[in-house]
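Student:
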Amino acid sequence: MLPAAARLTSSETFRRCVRSGRRAGSRTLVVHLALTGDQAGDQGGEHTSGPAQVGFVVSRGVGGAVVRNRVRRRLRHLVGDRLAALPPASVVVVRALPAAALASSEELRADLGRCLERVAPAAAPPVMQP
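Our numbering applies: residue 18 is where the sequence shown begins, and numbers increase by one.
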């Protein structure tokens, strides 16, 4: 389960992440990652410090309500294990594709890891020393 501070609740932040964040996809899911606040150079960001915030999109194309909720729970558990490794003050949106309904937990774990590795290093700005 994700801590309350790590849950993405703002629809505007959610939309901004999907539209302007970096994206990486696999057979089962697509991951969007956007930096907010000071890291992105945007002083007007709502979420400027603290842990990463994560949101999920599991549409009807994945399956019925039972299947969608099962996929969402599995993804929430997998992202919770990787939450500390995400850049601070970042926003992550994980979108499940229809193949996620039939994927094993190991396949989802591998796809999530691959996608996060592809978006996170490039999104992290270089650290400048004074």
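Think of the CB as a built atom: it goes at the ideal place given N, C-alpha and C, for glycine as much as any other residue. The structure displayed is predicted, hence computed values, not measured ones.
1) Go ahead and label Ser43 buried or exposed: buried means 16 or more other beta carbons lie within 10 angstroms of its beta carbon, across all protein chains shown.
2) In the DSSP assignment, find the unbroken beta strand (DSSP E) run with Gly97 in it and report its ends.
3) Where does Ser28 sit, in a helix, a strand or coil, going by DSSP?
4) Please name the residue or residues paired with Val13 in a DSSP beta bridge.
5) With a 10 Å radius around its C-beta and 16 neighbouring C-beta atoms as the bar for buried, classify Asp98 as buried or exposed.
6) Throw me the rounded Cβ distance for the Ser28 and Ala69 pair, which I believe falls under 8 Å.
7) Identify whether Ser107 lies in helix, strand or coil by the three-state DSSP scheme.
8) Whole angstroms is fine: what's the gap from Leu52's alpha carbon to Arg39's?
9) Taking the C-alpha atoms as reference points, what is the distance between Ala118 and Val83?
10) Expressed to the nearest angstrom, what Euclidean distance is found between the alpha-carbon atoms of Gly78 and Ala137?
11) First and last residue of the beta strand (DSSP E) that includes Arg39?
12) Quick check: what's the CA-CA separation for Arg33 versus Val88?
Tutor: Short version:
1) By 1-based counting over the sequence shown, the position of residue 43 is 26. Counting the other Cβ atoms within 10 Å of the Cβ of Ser43 gives 16 or more, which makes it buried.
2) On the sequence shown, residue 97 is found 80 positions in, with the first residue counted as 1. Counted as a single uninterrupted DSSP element, the stretch harbouring Gly97 is not any beta strand (DSSP E) but the alpha helix (DSSP H) occupying residues 82–99.
3) Residue numbering aside, residue 28 sits at position 11 when the sequence shown is read from its first letter. In this structure, DSSP gives Ser28 a helical state, which the three-state scheme calls helix.
4) The requested residue 13 is not part of the displayed model; the chain covers only 18 to 147.
5) The residue given as residue 98 occupies position 81 in the sequence shown. Asp98 should be labelled exposed.
6) Start at 1 with the first residue of the sequence shown, and residue 28 comes out as number 11. Start at 1 with the first residue of the sequence shown, and residue 69 comes out as number 52. Their Cβ separation, rounded to whole angstroms, is 18 Å, which puts Ser28 and Ala69 out of contact at 8 Å.
7) For this step, residue 107 is matched to residue 90 along the sequence shown. The DSSP-derived three-state label of Ser107 is strand.
8) Position 35 of the sequence shown, counted from the first residue, corresponds to residue 52. Position 22 of the sequence shown, counted from the first residue, corresponds to residue 39. Their backbone Cα atoms lie some 9 Å apart in a straight line.
9) If you number the sequence shown from 1, residue 118 lands on position 101. If you number the sequence shown from 1, residue 83 lands on position 66. Spanning the two alpha carbons is a distance of roughly 10 Å.
10) For the purposes of this step, residue 78 is taken as the residue at position 61 of the sequence shown. For the purposes of this step, residue 137 is taken as the residue at position 120 of the sequence shown. The straight-line gap from Cα to Cα measures roughly 27 Å.
11) On the sequence shown, residue 39 is found 22 positions in, with the first residue counted as 1. Annotation: the continuous beta strand (DSSP E) that includes Arg39 extends over 39–42.
12) Mapped onto the sequence shown, residue 33 falls at position 16. Mapped onto the sequence shown, residue 88 falls at position 71. Cα-Cα distance, rounded: 24 Å.
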